[in-house]
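Trainee:
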Amino acid sequence: MKNKKLIIIGAIVVFVIMFFKLLSENLASM
Numbered sequence: 001m002k003n004k005k006l007i008i009i010g011a012i013v014v015f016v017i018m019f020f021k022l023l024s025e026n027l028a029s030m
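Position one of the sequence shown corresponds to residue 1 (full-length UniProt numbering), numbered consecutively onward.
1) Return the CA-CA distance between Leu6 and Phe19, expressed in angstroms with no decimal places.
2) On the three-state DSSP scale, how would you describe Met30?
3) Measuring only the C-alpha atoms, how far is Asn3 from Val14?
4) Hey, how far is the Cα of Gly10 from the Cα of Leu27?
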């Protein structure tokens, strides 16, 4: 149960980092 929670949190963190990375790249190209 604890490991499953950590995996979900890790996936969310990676998703957020990738999202902001793409967002910053789009803003830089504008």
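Heads up, the beta-carbon is just placed ideally off N, CA and C, and yes, glycines get one too.
Mentor: In terms of the structure at hand:
1) C-alpha separation (whole angstroms): 20 Å.
2) Met30 falls in the coil class under three-state DSSP.
3) Taking the straight line joining both Cα atoms gives about 16 Å.
4) Whole-angstrom Cα-Cα distance: 26 Å.
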